[in-house]
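For the sequence shown, this note's numbering begins at 7 and goes up steadily by one.
All residues carry an ideal CB built from backbone N, CA and C; glycine is no exception.
Take a look at the structure set out below.
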Amino acid sequence: MMSTATILWLSCSWTPLLIWWTLRNSARFKKNIVVGVTFPREAREDVQVKALLTSYRHLQLACAIVLVAAALGGAATGTVRAWAGSSMFCWSVWILVVCIVPEVIYALTNRRLAALKDERGWRPRGAAAQRVTVADIGAAAQSYPRVSSIWFVLICAASLVPVLLDRDNVVIYLLFAACVLMMWAIFRWCYRNRSEVVDDNTALTQTLTRIRRRAWARVFLVAAASFAFMSWAQLLFQGSTNLYFIGMMLPCTVLGIVAFATEMRVRSLQERLTKASGEGFYVDEDDHWIFGIFYYNPDDAELIVNERVGINTSINLARPAGKAIVVALACSLLCLPVTGAFMAEEFGAPVTLELSEQTIRAHHLLTTYEIDMADVVSVELVDQLPKMTRTFGGASETFLEGNFSSDAYGSLKVCLDPEVGPWLLVRTRSGTTYLLGASDTAQTETVYEEVPSALVDA
């Protein structure tokens with residue numbers, strides 16, 4: 007069986023390829039924009055522009071290859087238990103690098119293209135030196151079909167049905183329902199109703215706007231349905247580890263495929279429909295986009311703004327809330343190595359078990375179970391772990407902790423090392439059943455030998 011560290015490395019190893027494919031696509035002209043810089047139509051055949059774009063593609067490809075190779079190397083080291091903690095820390099640093107380095111390549115190329123644009127004087131005809139915000143009033147006045155919120159209500163209701171059938175995992179089902187509502191909230195409020203203005207062609211603006219809105223709705227409906235499916239998977243497959251894993255991963259995979267395919271489809275349509283643009287009047291908002299990535303427009307009162315290409319949204323850094331959000335996101339990203347250090351500690355920390363002062367105490371880092379012997383009904387020595395499904399807690403090849411369910415013993419509170427047996431099955435008068443075991447076999451056997459006398463004293 008693969009180690010947790012190896013699974014994490016392999017499950018993320020494709021991420022650099024996805025980022026590479028997306029950023030590589032940014033080197034194709036869409037809405038007169040390439041790598042975040044707006045050019046006139048004549049620039050598409052310019053030798054220097056082509057050379058910069060070719061260099062950009064090569065750098066992004068090289069970056070992706072190096073990052074994937076590093077991930078495969080990390081997956082190999084993760085198979086060695088002694089290196090599991092270090093592998094987890096390296097994984098967190100790798101994630102940080104994956105998020106930053108490709109964007110740095112994008113930003114540097116954006117600056118080079120912007121410098122070339124200024125050098126050639128490629129500005130839209132009649133553009134003023136000061137900041138200008140462009141809007142197509144005619145297109146904005148058009149009514150566009152909207153996806154009814156009723157669909158999200160129905161999906162949320164479907165995600166709550168398992169609550170009626172399984173009262174032991176109500177919190178989990180409520181979390182899935184909350185995720186459905188979150189998808190509705192993002193769909194409803196994180197899309198700015200702004201027309202996709204490219205030039206003075208109102209019909210083109212209306213077409214691009216409809217395409218974007220439909221794509222946005224499709225992605226979030228699928229996202230909401232995915233969480234509802236997970237809720238049902240929790241109900242139906244909690245007795246089978248393999249089916250449970252498939253039930254959780256399948257909707258995530260489908261959502262990822264739908265989101266990526268939708269993004270690429272919208273980009274393809276934007277490219278095809280705007281091929282003839284870029285002559286005469288065309289929209290150039292480059293001054294509002296720092297490195298082609300960050301939106302900063304003091305004249306825009308909105309916090310949320312649509313990305314110029316694709317279907318994503320961005321934050322207006324000119325707004326105080328925008329600055330706060332970006333700072334919070336940056337801090338979260340930079341804290342990844344701290345998370346990795348904690349995970350390394352968690353993977354390296356042993357599970358301990360002791361009987362002290364009439365109390366059985368099982369401990370692993372942040373998880374501690376203390377059982378008063380006066381509440382103990384029986385203690386059994388188990389040589390083989392039952393098949394269990396985690397409902398809440400942590401699991402890896404070095405520890406299992408939290409709440410689990412088992413056909414053999416029902417609901418369990420678990421704190422043990424799955425690779426070191428035997429284990430103790432402790433039943434209490436309160437109805438709670440514990441499955442405990444130390445990373446040191448001697449600790450488990452010592453507690454089991456001391457239990458009879460402790461029960462007599464209790």
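I need the DSSP call for N312, collapsed to helix, strand or coil.
Correct three-state label for N312: strand.
Can you find the residues in the same chain that come closer than 7 Å, C-beta to C-beta, to S320, ignoring five residues on each side of it along the sequence?
Closer than 7 Å at Cβ, skipping near neighbours: Y301, V311 and E313.
W429 and L391 closer than 8 Å at C-beta:
Between W429 and L391, the C-beta spacing is below 8 Å.
Out of F405, S237, F410 and K419, which has the shortest C-alpha to C-alpha gap to G253?
Of F405, S237, F410 and K419, the smallest CA-CA separation from G253 is found for S237.
Quick one: residues in its chain with C-beta nearer than 7 Å to the C-beta of P304, no 5 flanking neighbours on either side, listed in chain order?
Sequence-distant partners of P304 (beyond 5 residues in either direction) whose C-beta falls short of 7 Å from its own C-beta, in its chain, are A324.
Reduced DSSP category for I39 - H, G, I as helix; E, B as strand; rest coil:
Here DSSP, grouped into helix, strand and coil, assigns I39 to strand.
Taking the C-alpha atoms as reference points, what is the distance between V344 and L214?
Take the alpha-carbon of V344 and the one of L214: they are about 43 Å apart.
With a 10 Å radius around its C-beta and 16 neighbouring C-beta atoms as the bar for buried, classify L171 as buried or exposed.
Classification of L171: exposed, given that the 10 Å Cβ count is below 16.
Could you tell me the boundaries of the beta strand (DSSP E) in which C421 lies?
Taken as a continuous stretch (DSSP letters only), the beta strand (DSSP E) holding C421 covers G416 to L422.
When you compare only the Cα positions, how much space is there between V153 and C185?
Straight-line Cα distance between these residues: approximately 19 Å.
Of the choices N31, T404, S411 and K36, whose alpha-carbon is the least far from that of T280?
Taking only the C-alpha atoms, the option nearest T280 is K36.
Could you tell me the distance, in whole angstroms, from the CA atom of D124 to the CA atom of E291?
Near 14 Å, if we compare the C-alpha coordinates of E291 and D124.
Per-residue burial, S232 [other beta carbons within 10 Å of its own, 16 or more giving buried]:
Under this definition S232 is a buried residue.
Let me know the secondary structure DSSP gives T447 once reduced to three states.
Shown here, T447 sits in a helix according to DSSP, grouped into three states.
In this structure, what does DSSP give as the bridge partners for S412?
In the DSSP output, where bridge partners are listed per residue, S412 has M394 and G416.
L73: buried (16+ other C-beta within 10 angstroms of its C-beta) or exposed?
With a threshold of 16 other beta carbon atoms within 10 Å, L73 meets it and is buried.
Let me make sure I understand the geometry here. Which of E51, Y440 and L29 has the alpha-carbon closest to that of G42?
For the residues E51, Y440 and L29, the minimum Cα distance to G42 belongs to L29.
With three or more beta-carbon pairs closer than 8 Å as the criterion, would you say the segment 46-55 touches the segment 78-97?
Counting C-beta pairs with one atom in each stretch, the segment 46-55 and the segment 78-97 have fewer than three that are closer than 8 Å, which means they do not touch.
E277 to Y112, Cα distance in whole Å?
Computed Cα separation, rounded: 19 Å.
Cβ distance (whole Å) where E425 is taken to contact L361 below 8 Å
Taking 8 Å as the upper bound for CB-CB distance, E425 and L361 are not in contact here, some 23 Å apart.
In this structure, what does DSSP give as the bridge partners for H369?
Within the DSSP bridge table, the entry for H369 names T358 and T374 as partners.
Helix, strand or coil, according to DSSP, for N322 in the structure here?
The DSSP-derived three-state label of N322 is strand.
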